[in-house]
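These notes are about the structure you will find just below.
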Amino acid sequence: MTKRVLVVEDDPDMAEVMLMTLESAGYITHAAANGKLALDAIAAQLPDLILLDMMMPVMDGWECAREVRGRFGRIPIVVVTAAEHARARAEEIDADDVLSKPFDVQALLEIVEKNLEQTARALTN
17 MTKRVLVVED DPDMAEVMLM TLESAGYITH AAANGKLALD AIAAQLPDLI LLDMMMPVMD
77 GWECAREVRG RFGRIPIVVV TAAEHARARA EEIDADDVLS KPFDVQALLE IVEKNLEQTA
137 RALTN
C-alpha cells in the first residue's frame, strides 16, 4: 500500500523540493503551510508520517506536534528544522526523528523510509 506523507513547511520552495522528492519515490503527499492547516489536513485524512517544520506562522511546529499527539495519537513525526538544539526540542514533543536543514534529498528519503519501517514493525509485533 502506498504511504501518505504530510509535509508541513511554510517555505514554498522547500515544500516543493520535499513534495517532488517524495512523489518521485512513490509516496502520496499533501502539504500544509502551517500547523493549523496541518491539523485540518490530518483530520481529513490521517497520514502515515508527518514531516514537520518548527518555525512557522499561525501555529508553530511545537504546538502542532502537541496537538497531533493529543488528538491523533502515534502518527510518526519527523522534525525538519534548522533550529539549534533541534534534537532536544524534538524530544520535548515526543518526535520520532529529526532532519536538520539543510539536507540532501537522499537523507530525506532515508529518514522517511526508516520511520515508516519502524512503524510497520511496531504494528506487527
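The sequence shown maps to residues 17 to 141 in my numbering. Note that the Cβ used here is the ideal one computed from N, Cα and C, for glycine as well.
Check	Outcome
Per DSSP, cross-strand counterpart(s) of LEU22	HIS46 and ILE66
Between the CA atoms of ASP113 and ARG53 - distance to the nearest angstrom	Per the sequence shown, residue 53 should be read as Leu rather than Arg. Between LEU53 and ASP113, the C-alpha separation is close to 22 Å.
Where the alpha helix (DSSP H) containing ASP56 begins and where it ends	51–60
Proximity winner among LEU139, PRO118, ARG137 and GLN134, relative to ALA31 (alpha-carbon distances)	PRO118
Beta-carbon gap between THR45 and VAL21 smaller than 7 Å	yes
Local conformation of ILE91 per DSSP, three classes	coil
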